[in-house]
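Here the structure comes first, spelled out in structure tokens, and everything after it is commentary.
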Amino acid sequence: MGYIEGEGRHQGTLFPVLLDDLVPTEHVCRVIDAFVDGLRMADLGFERAEAAETGRPGYDPRDLLKLCL
118 MGYIEGEGRH
128 QGTLFPVLLD
138 DLVPTEHVCR
148 VIDAFVDGLR
158 MADLGFERAE
168 AAETGRPGYD
178 PRDLLKLCL
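Counting in our numbering, the sequence shown runs from 118 upward without gaps.
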């Protein structure tokens with residue numbers, strides 16, 4: 118069972134504006150996004166880096182770390 122997944126940044130929805138178009142290319146959030154995506158969360162000691170067998174899937178630790186940074 119996987120994590121809770123949101124909409125893709127490059128996928129259009131009802132509105133013609135993509136989230137990726139609203140963030141400037143030089144913005145610090147793009148650096149944080151690339152940095153955290155390159156980390157191996159299980160090696161850093163995150164206990165729930167992999168989804169559990171039972172219950173509702175939790176949030177991806179990468180997304181939570183991006184919010185904190």
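Glycine residues also receive a C-beta, built at the ideal position from the N, C-alpha and C atoms.
As assigned by DSSP and simplified to three states, the class of residue i
i, result
"L186", "coil"
"P178", "helix"
Start and end residues, alpha helix (DSSP H) containing residue i
i, result
"A151", "V145 to D154"
"D137", "L136 to L139"
Residue i versus residue j: straight-line alpha-carbon distance, rounded
i, j, result
"M158", "R173", "20 Å"
"G155", "I149", "10 Å"
"T171", "E143", "41 Å"
"L181", "V140", "19 Å"
"A151", "Y176", "18 Å"
"V145", "R179", "16 Å"
Does the count of Cβ pairs from the stretch 156–164 and the stretch 134–148 closer than 8 Å reach three? No contact exists between the stretch 156–164 and the stretch 134–148.
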